[in-house]
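In the UniProt record's numbering, the protein residues as written are 1 to 432. Okay, so here's the structure we're looking at.
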């Protein structure tokens, strides 16, 4: 390759790196377009394959990273595929290379993102295996080790959410602790790792009910936000996570100020999230949840109507195969159930039943959320029986409650009481 071509590549490399740094400092995702334009000029150049190997592999790796960042900002599957192609090609090339753990780490990340888009468990399993391999081969004194530990923890938490396997959750907590211990206090990745540890502690709180887990999570989220620059693209995620935890604290304490703080945090997070970001549906859904809570607290119908609107928006933006879709369908069903209770309009109840059925059909059989969703469906069927007095509604409600109790016997005292009443009702119905 001529010196002239090398200088052309050098200029584009500098432009791409400058544009990406601008994005990281300001959150201006249009800077990613400029970076990718520069990377693509290099990648499509007829002499690219003649470039010295280390430089060529570095360009493929860095361009794949930019594609992934733009996917995070815009949700373009084409960008996700480009990132996946780049890192898969490097893994095939770099066998036994000291750079292989870093590339495996990057490949694991893009597979995790594809799992969130497709809902394919094989993508998540491949991601876990990829991070585990990276962890096995990376030197213990490598500066990249904290990133690999943190990312492996991320996918183990995802697997816990998918399957309810508590061992995955506990392992994730331990890995986050290790990653944070190895991360310098001034490292730009520290806030995200603190926030991620907060997430798994929040999950543990949901299982154990131990308030200290929730309070630890809240403290970690506050630290993450304090360490995050105001224009960082990571800030909306940290704000949203703190909003989730404060919403959970409200459910314990009943203190409306926690709910109001959560609502404000979600508004801030949404305002900072690009319209096409794959994170936007989650944040819309979270704001809908807190407005639903406030409706329950105050009876303000405008909060309920706004929550319903937000749930619709979140569902419309959620890929059909996303593992997040069942939860969002269930949340919309809950809000419409509240509207039915307020208005008595039968069509709202019919929508509720449809949504709960859809949510259950999409929920894995071993999901820790299945019992709750069956309980919701049982409640809706019970409400329809109260309206219609049809035997089939009564029978379906009983069957659904029985399934919910079987899946979660330690949390079902209230359901058992309802079930006993319905079985007595069925006995009287048959006698009549």
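C-beta: ideal position from N, C-alpha, C; glycine also. As the structure is a prediction and not an experimental result, all values here were calculated from the model.
What's the call for residue i, buried or exposed, on a 16-neighbour Cβ count within 10 Å?
i           : result
residue 347 : exposed
residue 297 : exposed
residue 279 : buried
residue 128 : buried
residue 208 : exposed
residue 143 : exposed
residue 253 : exposed
residue 159 : buried
residue 18  : exposed
residue 130 : buried
residue 101 : buried
If you drop the 5 nearest sequence neighbours on each side, which residues of the same chain put their C-beta closer than 7 Å to that of residue i?
i           : result
residue 429 : 391 and 394
residue 378 : 397, 400, 401 and 404
residue 167 : none
residue 2   : Residue confidence is low: residue 2 scores 41 on pLDDT, short of 50, so the model does not pin down where it sits. Its coordinate-derived value is still stated next. Hits under 7 Å: none found.
residue 274 : 29, 73 and 74
residue 145 : 138 and 182
residue 385 : 393, 394 and 397
residue 191 : 224, 227, 228, 234 and 238
residue 196 : 150, 153, 154 and 176
Quick one: Cα of residue i to Cα of residue j, how far?
i           : j           : result
residue 295 : residue 332 : 14 Å
residue 89  : residue 103 : 10 Å
residue 137 : residue 417 : 55 Å
residue 402 : residue 241 : 34 Å
residue 60  : residue 245 : 39 Å
residue 117 : residue 342 : 36 Å
residue 135 : residue 381 : 49 Å
residue 107 : residue 323 : 20 Å
residue 83  : residue 124 : 16 Å
residue 317 : residue 44  : 33 Å
residue 113 : residue 193 : 18 Å
residue 76  : residue 121 : 21 Å
residue 80  : residue 87  : 11 Å
residue 468 : residue 425 : Nothing can be reported for residue 468, as the shown portion of the chain is limited to 1 through 432.
residue 351 : residue 312 : 13 Å
residue 50  : residue 98  : 22 Å
residue 264 : residue 24  : 24 Å
residue 361 : residue 353 : 12 Å
residue 54  : residue 92  : 15 Å
residue 326 : residue 370 : 10 Å
residue 319 : residue 383 : 31 Å
residue 184 : residue 300 : 47 Å
residue 48  : residue 56  : 7 Å
residue 94  : residue 46  : 23 Å
residue 140 : residue 256 : 47 Å
With a CB to CB cut of under 6 Å and the five nearest residues on each side skipped, what residues in its chain are close to residue i?
i           : result
residue 310 : 284, 287 and 288
residue 213 : 201, 204 and 205
residue 153 : 172, 175 and 176
residue 368 : 164
residue 78  : none
residue 321 : 118 and 119
residue 308 : 335
residue 179 : 146, 149, 150 and 193
residue 126 : 111
residue 261 : 246
residue 157 : 172 and 200
Using a Cβ-Cβ cutoff of less than 8 Å, which residues in the same chain neighbour residue i once the five nearest sequence positions on both sides are dropped?
i           : result
residue 12  : 38, 39, 41 and 42
residue 66  : 16, 20, 32, 35, 36 and 39
residue 304 : 291, 292, 295, 335, 338, 339 and 342
residue 415 : 375, 378, 401, 404 and 405
residue 423 : 398
residue 407 : 370, 371 and 374
residue 419 : 398, 401, 402 and 405
Among the options, which has the Cα closest to the Cα of residue i?
i           : options               : result
residue 355 : 337, 371, 365 and 368 : 337
residue 217 : 228, 229, 424 and 200 : 200
residue 10  : 52, 31, 28 and 23     : 52
residue 221 : 147, 239, 231 and 229 : 239
residue 70  : 182, 108 and 16       : 16
residue 315 : 358, 229, 99 and 123  : 358
residue 181 : 133, 147 and 313      : 147
residue 270 : 252, 329, 234 and 255 : 234
residue 96  : 68, 76, 63 and 133    : 133
residue 68  : 22, 366, 268 and 111  : 111
residue 188 : 232, 345, 236 and 93  : 232
residue 266 : 100, 251 and 247      : 247
residue 328 : 363, 258 and 302      : 363
residue 277 : 186, 262 and 27       : 27
Any alpha helix (DSSP H) of 4 or more consecutive residues that is wholly inside the stretch 378 to 421: 391 to 407
Any alpha helix (DSSP H) of 4 or more consecutive residues that is wholly inside the stretch 261 to 335: 280 to 298 and 301 to 317
Entirely enclosed alpha helix (DSSP H) segments - the stretch 106 to 159, minimum 4 residues: 121 to 137
Whole alpha helix (DSSP H) elements within the UniProt repeat "TPR" (198 to 231), 4-residue minimum: 211 to 227
Continuous beta strand (DSSP E) assignments of at least 3 residues falling wholly in the stretch 11 to 66: none
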